[in-house]
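Here the protein sequences come in this chain order: A and E. For the first sequence, the numbering used here begins at 45 and goes up steadily by one. For the second sequence, the numbering used here begins at -16 and goes up steadily by one. All remarks here apply to the structure that follows.
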Amino acid sequence: GQQVMQIPQYQHVQEGEDFTTYCNSSTTLSNIQWYKQRPGGHPVFLIQLVKSGEVKKQKRLTFQFGEAKKNSSLHITATQTTDVGTYFCAGPSTSGTYKYIFGTGTRLKVLA
Amino acid sequence: NAGVTQTPKFQVLKTGQSMTLQCAQDMNHEYMSWYRQDPGMGLRLIHYSVGAGITDQGEVPNGYNVSRSTTEDFPLRLLSAAPSQTSVYFCASSPQGGRYQETQYFGPGTRLLVL
C-alpha cells in the first residue's frame, strides 16, 4: 500500500546549525502539507505545496516539492530552541478522496 | 472560537471496558476525522466524516466506531478496549476536506492507556 516515509527519524543539532528533513512518498501526490508538533502538543499546519518543483519560504524555513511530486523537504536555517518538535508531511491517500496519509515524522531536538 | 476540543485529556481503561472520546468543533467544518499517534508511526487515520450523517473508515478502523449526528460533534467509541489501543488520539477538522486538501485543525489530543 501507499507509504510516506520521512528521514531522519530523529535529529539532534546544536543551536544555530541547519536542519533538513526529507519526505518520500511511494506514489505521486497532488499536493503535500507540512505540520509541526511541539512536545506534548498537537500537530499545527505550516504550509501546503501544490506545484511540481515549488519552493516556499517562511522566515528560516524553506519547503520544497520535488519535480516528480513524490518527495518534499523542509530545511531550517540556523535552528533555534523554539524549533524543537516533530515535523510531519502529509498528502492525499490513494485509497480515497477524503483520506490523508501522514509521514512517519522527524523529531528535532535543538541543543542550546 | 474554541477551535477543536477533545475530552478527556487522559484516560486509563481496563481491557474490555468501553468508552467514548469526545470531539467538538465550533468552526462549522464539514470534515472531521480521528487519528491515533504511536511512536515511530506518525498519525494514522481511524475514521472520518464529510458531514452530518456520513462517516467512513480510515486506515485503522478495527475496534472503533463513530457517528456524526451534528456538524459540531464527532465522538469515537471504543467498544471493548485492548492494550493495542493504548495511544494518543487526535481529532481534526477542516472546512470541507477533499481532493485538493485543506488545512486540518487538530484538537489537543486524548492520551489513552489500556491495562
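The C-beta atom is built at its ideal place from N, Cα and C for all residues, glycine as well. These numbers come from a predicted model, not from an experiment.
Excluding the 5 residues flanking it on each side, E:T53 has same chain C-beta neighbours closer than 8 Å at A35, in chain order.
The three-state reading of DSSP puts E:P66 in helix, counting H, G and I together. With fewer than 16 other Cβ atoms from the protein chains shown falling within 10 Å of its own Cβ, E:S63 counts as exposed.
Comparing alpha carbon positions, the residue from E:G23, E:R27, E:D9 closest to E:W17 is E:R27. Assigned with DSSP and collapsed to three states, E:D9 falls in coil, not helix or strand. Counting only residues of its own chain and dropping the five nearest sequence neighbours on each side, E:P78 has a CB closer than 6 Å to the CB of H12, E85. Comparing alpha-carbon positions, the option among A:E59, A:S116, A:Q55, A:F146 lying closest to A:A156 turns out to be A:E59. Taking A:F146 as the centre and dropping the five residues before and after it, the same chain places the C-beta of F132, A134 closer than 6 Å to its C-beta, in chain order. Annotation for E:M15: the continuous beta strand (DSSP E) segment containing it runs 14 to 20.
Taking E:T(-10) as the centre and dropping the five residues before and after it, the same chain places the C-beta of Q5 closer than 6 Å to its C-beta, in chain order. Within the same chain, S70 come within 7 Å of E:D21 by CB-CB distance, once the 5 residues on both sides are set aside. For E:F(-7), not one C-beta of chain A is nearer than 8 Å to its own C-beta.
In the three-state reduction of the DSSP assignment, A:D62 falls in the coil class, being assigned neither a helical nor a strand state. For E:Y14, at least one C-beta of chain A is nearer than 8 Å to its own C-beta.
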